[in-house]
Amino acid sequence: MLQFAMLAGLMMPAGDQVQPIGEPSAWISAADYPAKMIAADVDGTVSVKLTVNAAGAPTGCTVRTSSGSEELDVLTCSLLMQRARFKPATGADGRATEAFFSARIIWQIPREKLTTMGVRFTFDVGAGGQLANCRSEKYELQAETINCDPQMVEEMARHFLSKPLTAYQTVSVTLAVEADSSDITVLRQTGAEERAILTEALAKISPAGKVEHCISRVSVEFQGRTLNMCDDGGPLESGATLFAPDEGGRMRQMVVRLEIAGVVR
-9 MLQFAMLAGL
1 MMPAGDQVQP
11 IGEPSAWISA
21 ADYPAKMIAA
31 DVDGTVSVKL
41 TVNAAGAPTG
51 CTVRTSSGSE
61 ELDVLTCSLL
71 MQRARFKPAT
81 GADGRATEAF
91 FSARIIWQIP
101 REKLTTMGVR
111 FTFDVGAGGQ
121 LANCRSEKYE
131 LQAETINCDP
141 QMVEEMARHF
151 LSKPLTAYQT
161 VSVTLAVEAD
171 SSDITVLRQT
181 GAEERAILTE
191 ALAKISPAGK
201 VEHCISRVSV
211 EFQGRTLNMC
221 DDGGPLESGA
231 TLFAPDEGGR
241 MRQMVVRLEI
251 AGVVR
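Residue numbering for the sequence shown follows the numbering used here, beginning at -9 and increasing consecutively.
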């Protein structure tokens, strides 16, 4: 349910002795964040100094301030050595010369805000029961765990809804995260609607944003497996830090629900 991304930024020094070619913020991207570092909840800020030769290529990288993780420090230098390119500095004689470039890279795992979030994908049902015209509605949700997959939704509808697909105008799948501190309600379908909850869990979140306890309230079988958000490896696994800290130092509670619905013709 929850997926993580990296925010990386480069702070360019004052002066114009050596100039980056292209956009420095593109030298390191979210895809570079090692999955094992995300899983281990490791982030930090590293400051480095690059030695740039007369051709505009980096020839050395020195860590000036560590991120606190040797692996992130080494990875930062490795990526910059591979990707950073510059317009060379010039000396008093007008010729290209060796120079230095300082950068600060922020490796940060952003946390979901513990507020009501949701995403719903809705399909029109054709006369023959085929699904088409997928539409999505999102609120405060970074991850796109549920995709516009008509084959999957059709299979879920046939398995969990009581009527043939031709009996419905639309079929939708909703992932809703409802926090006890929020006064916002995730929008639901209107009309003569049939709903089936596929999985639902209640989680308690510590002031630091860690999942302290997760209780599965609804869990069904689908495609040979049990849909359960609290099991090992699930999106609400106990002990995982998934949410932003609470400024007031409070424990919080949330309900996460995955459901399918059909609006009857």
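The beta-carbon is built from N, C-alpha and C at its ideal position, and this holds for glycine as well.
Identity of the residue in the options nearest residue i by Cα
{"i": "Q120", "options": "Q98, A157 and R85", "result": "A157"}
{"i": "A82", "options": "S37, Q7 and A45", "result": "Q7"}
{"i": "L192", "options": "S209, T49, A198 and A186", "result": "S209"}
{"i": "D221", "options": "G238, D236, H203 and F233", "result": "H203"}
{"i": "L248", "options": "F150, L40 and A93", "result": "F150"}
{"i": "E168", "options": "R242, V36, M146 and F212", "result": "R242"}
{"i": "S92", "options": "C51, S68, G58 and C124", "result": "C51"}
{"i": "N123", "options": "P140, M107 and A117", "result": "P140"}
{"i": "T35", "options": "E88, Q98 and A147", "result": "Q98"}
{"i": "E190", "options": "T49, Q9, G224 and P197", "result": "G224"}
{"i": "E183", "options": "M244, G118 and A147", "result": "A147"}
{"i": "T231", "options": "C67, G239, G12 and I195", "result": "I195"}
{"i": "Q9", "options": "T80, L65 and A30", "result": "T80"}
{"i": "F233", "options": "R215, A186, A16 and E130", "result": "E130"}
{"i": "A16", "options": "T66, D236 and S57", "result": "T66"}
{"i": "V115", "options": "V143, I95 and T106", "result": "V143"}
{"i": "G118", "options": "A89, E88 and P154", "result": "P154"}
{"i": "I187", "options": "P197, A198 and S206", "result": "S206"}
{"i": "A47", "options": "D63, V53 and F90", "result": "F90"}
{"i": "T106", "options": "K128, E88 and V53", "result": "K128"}
{"i": "R94", "options": "A30, P78, S57 and A86", "result": "S57"}
Residue i - partner residues in DSSP beta bridges
{"i": "G34", "result": "W97"}
{"i": "G108", "result": "Y129 and A166"}
{"i": "L151", "result": "Answer is none; L151 lacks a bridge partner."}
{"i": "K77", "result": "Q9"}
{"i": "A89", "result": "V42"}
{"i": "I250", "result": "V163 and A186"}
{"i": "T231", "result": "K200"}
{"i": "S240", "result": "Position check: residue 240 holds Arg in this sequence, whereas Ser was assumed. BP columns for R240 are empty, so no partner."}
Assumed close pair residue i, residue j - CB separation to whole angstroms, cut-off 8 angstroms
{"i": "C138", "j": "S126", "result": "7 angstroms"}
{"i": "V38", "j": "S59", "result": "V38 to S59, Cβ: 14 angstroms. No contact."}
{"i": "G108", "j": "L165", "result": "6 angstroms"}
{"i": "V163", "j": "F111", "result": "5 angstroms"}
{"i": "G229", "j": "K200", "result": "7 angstroms"}
{"i": "D170", "j": "M244", "result": "7 angstroms"}
Complete runs of the beta strand (DSSP E) confined to the segment 181 to 210 [at least 3 residues]: 183 to 195 and 201 to 209
Is the segment 154 to 169 touching the segment 238 to 255 in the sense that three or more CB pairs, one from each, lie closer than 8 angstroms? yes
Closer than 8 angstroms is the cut-off here; do at least three beta carbon pairs connect the segment 74 to 86 with the segment 99 to 116? no
Can you check the segment 40 to 71 for any beta strand (DSSP E) of at least 3 residues that lies completely inside it and give the ranges in chain order? 48 to 55
Pair every Cβ in the segment 42 to 50 with every Cβ in the segment 21 to 31, then say whether three or more of these pairs are closer than 8 angstroms. no
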